[in-house]
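Student:
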Amino acid sequence: MDTTWEKSFIVEDKTLFLGSVDSLDDVFIDVEGGKSSTSSTSTTAAVGEGKSSGSGRSEQEPYTPLLIAATDGIVEIVDEILQQHPQAIEHLSKDEENILHVAISHRQLEVFRYLKKMDVILRCRLVSRLNVRGYTILHQVADIKNSREGNETAVGPAFELREELKWFEHVQKIMPPHYTLHRDNDGRTASELFREQHAPLLKEAKKWLKDTTGSCSTVAILVAGVVFAAAYSVPGGTNESGIPRSIHPPIYMVFTITDIIALVSSLTSVVLFLMITSSPLEQEYFHNNIPRKLMIGFSFLFFSMILAMISFSASLLLILRFDQKRSWTLTLIYAVALLPVCLFGIFQFPLYATVTRTLHHLHKTITKKVLPQAFLPRKSLKKGKRKSY
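Just so we're aligned: 147 in full-length UniProt numbering is position 147 of the sequence shown, and the numbers increase by one with no gaps anywhere.
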């Protein structure tokens with residue numbers, strides 16, 4: 001028997017507030033350049049909303065088991081509760097927030113994706129909810145009170161702001177367009193609340209980005225200088241005719257190729273870091289533009305460091321002569337040469353993991369939008385019970 005309704009609240013109606021007449025006159029401008037006329041009544045639209053029962057509110061627990069599972073992002077429990085008690089989808093918290101509000105507020109992406117797969121009519125009922133502060137689900141994205149819980153994997157403030165902007169974009173897609181004009185009890189739209197709440201994070205992201213690009217640019221210029229000097233210093237010297245003595249061994253070709261590619265990669269990363277520094281660091285640029293440039297630049301820098309150490313190892317093998325009895329020296333050279341690269345990769349692995357995820361997402365986007373569908377591989381359909389999460 002489902003007794004969790006004792007912890008929920010009565011469902012009633014609220015209205016969608018678009019602002020006063022004076023504020024609407026400042027927003028809506030007609031084609032001719034004049035202000036459009038509006039009626040003297042305030043613009044509202046009735047939507048299905050929840051209202052607390054009033055009495056006994058302090059005696060009730062804030063969340064039902066379904067809302068607790070949504071808060072912690074446990075999709076399996078959410079799915080099991082809704083299968084056993086479908087009516088539990090109407091549960092509201094003490095702040096009159098349904099499961100969709102709670103999942104978005106705590107940045108639980110898996111629960112959000114699960115709810116998006118539900119029936120259209122039921123999903124619209126969840127989307128149209130307003131809480132006690134007049135928040136839509138888009139306002140829940142703008143409010144950062146619980147956002148840090150779901151963005152613990154973000155590396156640096158710039159990527160954290162990027163995740164917040166992605167959340168705002170995803171939630172806005174499932175909302176009716178006119179809901180973006182709704183104002184909360186303090187008279188703020190979701191966009192205005194987002195800019196207000198994320199202003200400190202934007203400031204941190206700008207500072208972190210400048211420090212990161214400055215450090216990476218210094219390393220990239222150092223690598224470029226080393227490999228550029230190595231290109232004019234022939235390993236093993238030259239003979240009387242000016243021809244390198246070690247030009248015939250295959251290791252000389254390895255040295256030449258890795259040195260050239262390392263120079264090109266390091267200079268490319270420097271250019272990308274300079275583009276980031278000179279670009280306007282506004283909020284909308286942190287969605288895709290700046291993080292993508294930073295990730296690509298970091299990838300080129302990491303690649304140039306690997307090639308520089310390979311070129312260094314090849315030059316040592318050309319200069320020094322080893323016999324089979326001293327083969328352990330080769331192993332020592334390889335280990336010492338790759339040690340800086342390994343340490344750099346270990347300490348920067350979280351950022352590099354973010355790089356690979358973004359490049360994978362970019363590859364999927366390009367493949368989906370650019371390549372014809374006929375060239376894309378089709379997944380085979382398998383019969384059986386389909387999971388809902």
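C-beta: ideal position from N, C-alpha, C; glycine also.
When you compare only the Cα positions, how much space is there between G214 and Y285?
Tutor: Residue 214 sits at position 214 when you count from the first residue of the sequence shown. Residue 285 sits at position 285 when you count from the first residue of the sequence shown. Approximately 19 Å, taken between the alpha carbons.
Student: Hey, L138 and A103: beta-carbon distance below 7 Å or not?
Tutor: The residue given as residue 138 occupies position 138 in the sequence shown. The residue given as residue 103 occupies position 103 in the sequence shown. Contact: no.
Student: Taking just the CA atoms, how far does I257 sit from G297?
Tutor: As a working mapping, residue 297 is identified with position 297 in the sequence shown. As a working mapping, residue 257 is identified with position 257 in the sequence shown. Roughly 21 Å separates the two Cα atoms.
Student: Does the distance from the C-beta atom of D95 to that of N131 stay below 7 Å?
Tutor: Counting from 1 along the sequence shown, the entry for residue 95 is found at position 95. Counting from 1 along the sequence shown, the entry for residue 131 is found at position 131. Going by C-beta atoms, D95 is nearer than 7 Å to N131.
Student: In chain order, what residues of the same chain lie with their CB nearer than 7 Å to the CB of I221, ignoring the 5 residues before and after it?
Tutor: Position 221 of the sequence shown holds residue 221. Counting only Cβ-Cβ distances below 7 Å, and skipping sequence neighbours, we find V270.
Student: From I290, L82, V223, Q283, pick the residue whose C-alpha is nearest to that of S304; which is it?
Tutor: On the sequence shown, position 304 is the one that residue 304 refers to. Cα-wise, what sits closest to S304 is V223.
Student: Assuming I73 and V111 are in contact, meaning their beta carbons sit under 8 Å apart, how far apart are those beta carbons, in whole angstroms?
Tutor: Translated into the one-based positions of the sequence shown, residue 73 becomes position 73. Translated into the one-based positions of the sequence shown, residue 111 becomes position 111. The amino acid at residue 73 is misidentified as Ile; the sequence shows Gly. About 6 Å; that satisfies the 8 Å criterion.
Student: Report yes if the C-beta of H91 is less than 6 Å from at least one heavy atom of the ligand ZN; otherwise report no.
Tutor: This structure lacks the ligand ZN, and indeed carries no ligand of any kind.
Student: Please report the distance separating the alpha-carbon of R188 from that of F194.
Tutor: Taking the first residue of the sequence shown as position 1, residue 188 is located at position 188. Taking the first residue of the sequence shown as position 1, residue 194 is located at position 194. Distance between the alpha carbons of R188 and F194 is about 10 Å.
Student: Measure the alpha-carbon distance for E169 versus K293 and round it to whole angstroms.
Tutor: As a first step, residue 169 must be located in the sequence shown, where it is residue number 169. As a first step, residue 293 must be located in the sequence shown, where it is residue number 293. C-alpha separation (whole angstroms): 20 Å.
Student: Whole angstroms are fine: how far does the CA of H85 sit from the CA of Q197?
Tutor: Within the sequence shown, residue 197 is the residue found at index 197, counting from 1. Within the sequence shown, residue 85 is the residue found at index 85, counting from 1. Between Q197 and H85, the C-alpha separation is close to 37 Å.
Student: Just the C-alpha distance for E76 and L122, rounded to the nearest angstrom, thanks.
Tutor: The sequence position of residue 76 within the sequence shown is 76, counting from 1. The sequence position of residue 122 within the sequence shown is 122, counting from 1. Cα-Cα distance, rounded: 20 Å.
Student: Quick check on D143: buried or exposed, where buried means 16 or more other Cβ atoms within 10 Å of its Cβ?
Tutor: The count along the sequence shown starts at 1 and reaches residue 143 at position 143. Buried, since its Cβ has 16 or more Cβ neighbours within 10 Å.
Student: For S128, does the three-state DSSP call read helix, strand or coil?
Tutor: Working through the sequence shown from its first residue, we reach residue 128 at position 128. DSSP places S128 in coil when its eight states are reduced to three.
Student: Classify G225 as buried or exposed, calling it buried when 16 or more other Cβ atoms lie within 10 Å of its own Cβ.
Tutor: As a first step, residue 225 must be located in the sequence shown, where it is residue number 225. Exposed, since its Cβ has fewer than 16 Cβ neighbours within 10 Å.
Student: Excluding the 5 residues flanking V78 on each side, which residues of the same chain have their C-beta closer than 7 Å to its C-beta?
Tutor: The count along the sequence shown starts at 1 and reaches residue 78 at position 78. Cβ neighbours of V78 beyond the five flanking positions: L66, A69, A70, V111, Y114.
Student: Alpha carbon to alpha carbon, how far is F159 from E90? Give it in angstroms, no decimals.
Tutor: The residue labelled residue 90 in the question sits at position 90 within the sequence shown. The residue labelled residue 159 in the question sits at position 159 within the sequence shown. Near 34 Å, if we compare the C-alpha coordinates of F159 and E90.
Student: Could you give the distance in angstroms between the alpha-carbon of residue 395 and the alpha-carbon of D184?
Tutor: A question about residue 395 goes unanswered here, because the residues of the chain that appear run from 1 up to 389.
Student: Within 10 angstroms of the Cβ of M253, are there 16 or more other Cβ atoms? Answer buried if so, exposed if not.
Tutor: Indexing the sequence shown from 1 puts residue 253 at position 253. Exposed: under 16 other Cβ atoms inside 10 Å.
Student: Hey, out of L82, W167, M175, whose CA is closest to L126's CA?
Tutor: For the purposes of this step, residue 126 is taken as residue 126 along the sequence shown, with counting starting at 1. Considering only alpha carbons, the answer is M175.
Student: Take N108 as the anchor and find which of V227, W167, Y63 has the nearest alpha-carbon.
Tutor: One-based indexing of the sequence shown puts residue 108 at position 108. A small correction: the amino acid at residue 108 is Gln; Asn does not occupy that position in the sequence shown. Among V227, W167, Y63, the Cα nearest to that of Q108 belongs to W167.
Student: Quick check: the Cα distance between V227 and I251, rounded to an integer number of angstroms?
Tutor: As a position in the sequence shown, residue 227 is number 227, starting the count at 1. As a position in the sequence shown, residue 251 is number 251, starting the count at 1. So the alpha carbons of these two residues sit roughly 16 Å apart.
Student: In chain order, what residues of the same chain lie with their CB nearer than 7 Å to the CB of A205, ignoring the 5 residues before and after it?
Tutor: Here residue 205 is taken as the residue at index 205 of the sequence shown, counted from 1. For A205, where only same-chain residues beyond five positions count, the Cβ hits under 7 Å are P157, A158, L161, F286.
Student: Taking C-alpha atoms, which residue in K203, G134, F273 lies nearest to V219?
Tutor: For the purposes of this step, residue 219 is identified with residue 219 of the sequence shown, where counting begins at 1. When only C-alpha atoms are compared, the closest one is F273.
Student: By DSSP, does residue 390 sit in helix, in strand, or in coil?
Tutor: Beyond the ends of the chain as shown, which are 1 and 389, falls residue 390; an answer cannot be given.
Student: Nearest to H106 by alpha carbon, out of S266, K203, A199, Q140?
Tutor: If you number the sequence shown from 1, residue 106 lands on position 106. Measuring from the Cα of H106, the nearest candidate turns out to be Q140.
Student: If the criterion is Cβ atoms closer than 7 Å, does the pair I276 and I290 meet it?
Tutor: In the sequence shown, the residue the question calls residue 276 occupies position 276. In the sequence shown, the residue the question calls residue 290 occupies position 290. Going by C-beta atoms, I276 is nearer than 7 Å to I290.
Student: Does the CB of I310 have a neighbour CB from chain B at under 7 Å?
Tutor: Absent here is chain B; the protein component of the structure consists of one chain.
Student: How far does the alpha helix (DSSP H) with S278 in it extend, from its first residue to its last?
Tutor: By 1-based counting over the sequence shown, the position of residue 278 is 278. Its alpha helix (DSSP H) spans residues 250 to 278.
Student: Could you tell me the boundaries of the alpha helix (DSSP H) in which R183 lies?
Tutor: In the sequence shown, residue 183 corresponds to position 183, counting from 1. Looking at the DSSP string, R183 is not in any alpha helix (DSSP H), and its letter there is neither H nor E.
Student: Taking the alpha helix (DSSP H) that residue 398 falls in, what are its first and last residues?
Tutor: In this structure the chain extends from 1 to 389, so residue 398 is not present and cannot be described.
Student: Check each candidate in L209, L316, M118 and name the one with the smallest Cα separation from Q83.
Tutor: Working through the sequence shown from its first residue, we reach residue 83 at position 83. Residue M118 is the option with its Cα nearest to Q83.
Student: For my contact list, S265 and F300 are in at a C-beta cut-off of 8 Å; report their separation, rounded to the angstrom.
Tutor: Position 265 of the sequence shown, counting from 1, holds the residue named residue 265. Position 300 of the sequence shown, counting from 1, holds the residue named residue 300. 5 Å between Cβ atoms; contact.
Student: Do you know whose CA, among F255, A308, Y232, P280, lies nearest L267's CA?
Tutor: Within the sequence shown, numbered from 1, the residue matching residue 267 stands at position 267. Nearest option by C-alpha distance: A308.
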